[in-house]
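Read in order, the letters of the sequence shown correspond to residues 1 to 70 in full-length UniProt numbering.
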Amino acid sequence: MLNTLTNSPRQIALGDRVTFDTDEGYQAGTVNDLRRDVGNGELHAWVELDHQWQGMFRAVPLAAILPALS
Numbered sequence: 001m002l003n004t005l006t007n008s009p010r011q012i013a014l015g016d017r018v019t020f021d022t023d024e025g026y027q028a029g030t031v032n033d034l035r036r037d038v039g040n041g042e043l044h045a046w047v048e049l050d051h052q053w054q055g056m057f058r059a060v061p062l063a064a065i066l067p068a069l070s
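Structure, rendered in structure tokens:
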């Protein structure tokens, strides 16, 4: 379980349901893994997207994750 921001009480763990805003609108899914970016070291959640083919993931920076709406 990791904090999303330095002084934030919100934490992200594997299996959490999350939402995030993209240029395609809000998307939702389940956190499958937490990985660091090779270039800048920023931590990303690998989110398996709802309403997509099974196994479709998106790397989402932790700062961009919102609590799941439901």
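Beta carbons are placed, not taken as given, at the ideal position from N, Cα and C, and that holds for glycine.
Since the model is a prediction, treat every value here as computed from it, not as a measurement.
query: Going by alpha carbons, who is nearest to asparagine 40 out of Pro61, Trp46 and Gln11?
result: Pro61
- request: Drop a sphere of 10 angstroms on the beta-carbon of alanine 13, count the other beta-carbons inside from all chains shown, and report buried for 16 or more, exposed for fewer.
  value: Taking all protein chains shown into account, alanine 13 has fewer than 16 neighbouring C-beta atoms within 10 Å of its C-beta and is therefore exposed.
message: Tell me which residues share the same chain as alanine 28 and place their Cβ nearer than 6 Å to its Cβ, disregarding the 5 neighbours each side in the sequence.
response: Thr19 and Asp50
- request: Please report the residue range of the beta strand (DSSP E) in which residue 85 lies.
  value: With the chain covering only 1 through 70, there is no way to say anything about residue 85.
field: Straight-line Cα distance separating arginine 35 from tryptophan 46
entry: 7 Å
- prompt: Measuring CB to CB, does glycine 15 end up less than 8 Å from valine 38?
  reply: no
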